[in-house]
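Notes for the one structure printed next.
Residue numbers (the numbering used here), protein chains in the order written: chain A, 2 to 405; chain B, 513 to 851.
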């Protein structure tokens, strides 16, 4: 005999949404969601109605109008007849330029300072501590303005370089440091220079293969080939040889004084130098601390084991400590790169024409399209930051601990 | 997390919402002070003196408007704005009136949704160079490095002028006049360009003004005047006619010294009587007291007095009246009839 005892099926009551823990979390989330969207919708509605009250429309058409203003540093051809969109692109490239070289030098400075701060030498470690604390605890804007002021106030004017003037060019009359910027020789790519570039790229590839071969040999047989100097030789010697064989296809255009300013050569403007140096040393100070923490995070047993195996201190650092420290270092390093990139928008303080100064400054001001311009600007920085963290995450996944 | 985002959004929305206005005059009266946008510092036009009190030609316009409304020329909050921030400050309602050497142009009047109340100063763009440079004409400036304030009409004029004359130049963008002065004196640029009046005012603040010359070429028309938001016409009228009251006062010989006397009893000239409120009640038509113009004129004097005191030939700035003389003296300053 079977008796079916039906479990009582209580009817769903509305109060369960609050008092039943099975439903409560969903209720809270739904309510929060509704409130969030209501707030967001209100925000949009508010913007739209305020724009209407001001009699303004929402239109990106201004991007295709003539910009009418000049930009001193443009990596692509640009005149005041170009469009606002092109001016924005010029600014974007300037932002990318200073961010890229800034990230590179900040990393170099940061790693050096971080390692040196752990030095057993009292003087070296204290010097690095002073550097880190000095730069980390003073606002970036002050450093940018200070370095720019030094560059413009303490360096000679171009006309001081004239005959009998108080200033002279450096390095066999090829480099001039003036208050308009640093002028260096610019390469002129003559006939056959393409071949030279090709050879240089091939030598780089060859050097990389040599290192891979040497590493494989070391792991397979234990034979240690010298790695650094042969790789450098392979990378450079063929290019130098072919430079002469091809009859010196690349020549240099030296800066010479003409009229108001230096003509020819390559001008690295003071605004770029000030921004670059300030961003590098400021972010470098943060990176130094990240590197230091990464190294300290590797357990002491690792270095003791390496010493016990007879590894010298520099090899211990480069082969044992740093590879493990990288796992700790990379994630916060990504956010330092993002910080540096976004901090480059302080460029306008020294008149460096980055995207904040072109699209977010002059274009907005001359066209009165604040909302559109700021949205585009925000979008650009968002995309750039996501790209940087995306690339760095790929690298992070490659070096992180492989758990098998 | 989501909730904090929501409250963040709410705060932003509230801030944006606060910018919406009903009537500027009502807002100003309720606040008890006029918010006036001026430069970050241009001697003669708008700059704080040794006691921290704002002085200058643009400042006097703000004070006249404040005096017309409250009877107190000091009832002004001065908001320093740069060339790049001034329009946002005005459009968002941060300032009620922008009296900041701002050029009247078509797009600013139409597309940017502003109204220019009047032309307070007829100006044009010039160039300043060190004498030691040996330049006597703007046509000799090919290849020069030029300091230029961003977000201004001068920036566009400069590009047009050099293009039209087939010359090249290197722009050094700067934010404020003080920054431009510092860079120019350090020699980071060969030339400083802005409105000719601004050049004279900047040069007046130099340690050795005689070492610098302003080139003879004036490359543009720069009619500078007080600006208000488009849409509140009553407020625009108030600013416009307060300014015209100052111009008309000069024309009819009303000064800060004799205004009380002339306003005490009707004079022989009905126009003066209408301005000073001894005949009819023009003040009521713009929402002010009968003696609004008396108070405005008492604040800093008539147009001529303001000019001479702040930027005239006996000041360090040393500007001649030129185009800004009364129309009867061959200038362009011409007040519309008070009738």
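Every residue, glycine too, gets a C-beta built ideally from N, C-alpha and C.
The model shown is predicted, which means the values in this text are computed figures rather than measured ones.
When you compare only the Cα positions, how much space is there between residue 66 of chain A and residue 355 of chain A? Their Cα atoms are separated by approximately 20 Å.
Would you list the one or two residues that DSSP bridges to residue 763 of chain B? Answer by DSSP bridge pairing: none, since residue 763 of chain B is not bridged.
Any C-beta of chain A sitting closer than 9 Å to the C-beta of residue 654 of chain B? Yes, its Cβ sits closer than 9 Å to a Cβ of chain A.
Roughly how many angstroms separate the alpha carbons of residue 656 of chain B and residue 145 of chain A, rounded to a whole number? If I take the Cα positions, the gap works out to 25 Å.
Compute the Euclidean distance between the alpha carbons of residue 707 of chain B and residue 373 of chain A, then round it to the nearest angstrom. So the alpha carbons of these two residues sit roughly 30 Å apart.
Whose Cβ in chain A lies nearer than 7 Å to the Cβ of residue 623 of chain B? Ordered by position in chain A, the residues that pass the 7 Å Cβ test against residue 623 of chain B are 369.
Within chain A, the residues that residue 540 of chain B reaches when beta carbons sit closer than 9 Å: Scanning chain A for C-beta atoms nearer than 9 Å to the C-beta of residue 540 of chain B yields nothing, as the closest lies near 19 Å away.
Closest residue to residue 658 of chain B among B:815, B:701 and B:570 (Cα-Cα distance): Of the listed residues, the one whose Cα sits closest to residue 658 of chain B is B:701.
Beta carbon proximity, residue 837 of chain B to chain A, threshold 9 Å: Residue 837 of chain B does not count as touching chain A.
Residue of A:229, A:98, A:269 and A:302 minimising C-alpha distance to residue 182 of chain A: Checking every option, the nearest Cα to that of residue 182 of chain A belongs to A:269.
Below 8 Å between beta carbons is the criterion; list the residues of the region 342 to 359 of chain A that meet it against any residue of chain B, in chain order. Against chain B - using a Cβ distance shorter than 8 Å - the residues of the region 342 to 359 of chain A are 349, 350, 352, 354 and 358.
Does the pairing of the region 321 to 340 of chain A with the region 289 to 305 of chain A give three or more beta-carbon distances under 8 Å? Yes: the two stretches touch, three or more of their Cβ pairs being nearer than 8 Å.
Measure from the alpha carbon of residue 840 of chain B to the alpha carbon of each residue in B:759, B:798 and B:627, then state which is nearest. Across the set B:759, B:798 and B:627, the C-alpha of B:759 shows the shortest separation from the C-alpha of residue 840 of chain B.
Classify residue 182 of chain A as helix, strand or coil using the three-state DSSP reduction. Residue 182 of chain A: strand per DSSP, three-state reduction.
Say whether chain A places a C-beta atom closer than 9 Å to the C-beta of residue 741 of chain B. Answer yes: the Cβ-Cβ gap between residue 741 of chain B and chain A drops below 9 Å somewhere.
Determine the DSSP secondary structure at residue 557 of chain B, reduced to helix, strand or coil. In the structure shown, residue 557 of chain B sits in coil (DSSP, three-state: anything other than H, G, I, E or B).
Quick check on this structure: which residue in B:693, B:627, B:739 and B:740 has the alpha carbon closest to the alpha carbon of residue 719 of chain B? Just measuring C-alpha positions, the residue of B:693, B:627, B:739 and B:740 sitting nearest residue 719 of chain B is B:693.
State the Cα-Cα distance for the pair residue 236 of chain A and residue 204 of chain A, rounded to the nearest angstrom. Roughly 5 Å between the two C-alpha positions.
Looking at the unbroken alpha helix (DSSP H) that takes in residue 201 of chain A, where does it start and where does it end? Annotation: the continuous alpha helix (DSSP H) that includes residue 201 of chain A extends over 194 to 222.
Going by CA-CA distance only, name the one from B:662, B:669, B:763 and B:540 that's closest to residue 849 of chain B. Considering only alpha carbons, the answer is B:763.
Whole alpha helix (DSSP H) elements within the region 782 to 822 of chain B, 4-residue minimum: Fully enclosed alpha helix (DSSP H) runs of 4 or longer: 782 to 788, 794 to 797, 804 to 812 and 815 to 822.
Does DSSP put residue 568 of chain B in a helix, a strand or coil? Note: residue 568 of chain B maps to coil in three-state DSSP.
List the residues of chain B whose Cβ lies closer than 8 Å to the Cβ of residue 154 of chain A, in chain order. Residues of chain B whose Cβ lies closer than 8 Å to the Cβ of residue 154 of chain A are, in chain order, 698.
Along the beta strand (DSSP E) that carries residue 262 of chain A, what are the first and last residues, could you check? It spans 262 to 264 - the beta strand (DSSP E) in which residue 262 of chain A sits, taken as one unbroken run.
Classify residue 224 of chain A as buried or exposed, calling it buried when 16 or more other Cβ atoms lie within 10 Å of its own Cβ. Per the 10 Å Cβ criterion, exposed.
How far does the alpha helix (DSSP H) with residue 659 of chain B in it extend, from its first residue to its last? In the DSSP assignment, residue 659 of chain B falls outside any alpha helix (DSSP H) and lies within the beta strand (DSSP E) extending over 656 to 661.
Assign residue 564 of chain B to buried or exposed, taking buried as 16 or more other Cβ atoms, counted over all protein chains shown, within 10 Å of its Cβ. Of the other Cβ atoms in all chains shown, fewer than 16 fall within 10 Å of the Cβ of residue 564 of chain B; this residue is therefore exposed.
Which residues, in order along the region 260 to 275 of chain A, keep a beta-carbon less than 9 Å from a beta-carbon of chain B? From the region 260 to 275 of chain A, only 260, 261, 262, 264, 268, 270, 271 and 272 have a Cβ closer than 9 Å to chain B.
For residue 308 of chain A, I'd like the list of residues in its chain whose CB is within less than 7 Å of its CB, leaving aside the five on either flank, ordered along the chain. Counting only Cβ-Cβ distances below 7 Å, and skipping sequence neighbours, we find 317.
Should residue 682 of chain B go down as buried or exposed, given a rule of 16 or more other Cβ atoms within 10 Å for buried? Burial call: buried.
Segments assigned beta strand (DSSP E), at least 3 residues, entirely inside the region 655 to 704 of chain B: DSSP runs (the beta strand (DSSP E)) wholly in the region 655 to 704 of chain B: 656 to 661 and 681 to 686.
Under 8 Å from the C-beta of residue 682 of chain B: neighbouring residues of chain A: Simply 73, 181 and 262.
What residue ranges within the region 598 to 662 of chain B form continuous beta strand (DSSP E) runs of no fewer than 3 residues, ordered along the chain? List check, beta strand (DSSP E) in window: 626 to 628, 633 to 635, 637 to 642 and 656 to 661.
Would residue 70 of chain A count as contacting chain B if we go by Cβ distances under 9 Å? Residue 70 of chain A belongs to the set of residues whose beta carbon lies under 9 Å from a beta carbon in chain B.
Near residue 649 of chain B, what residues of its chain come up, given a Cβ to Cβ distance below 8 Å and the 5 sequence neighbours on each side ignored? Within the same chain, 727, 728 and 729 come within 8 Å of residue 649 of chain B by CB-CB distance, once the 5 residues on both sides are set aside.
Contact the region 99 to 118 of chain A vs the region 277 to 292 of chain A: 3+ CB pairs below 8 Å: Yes, they touch.
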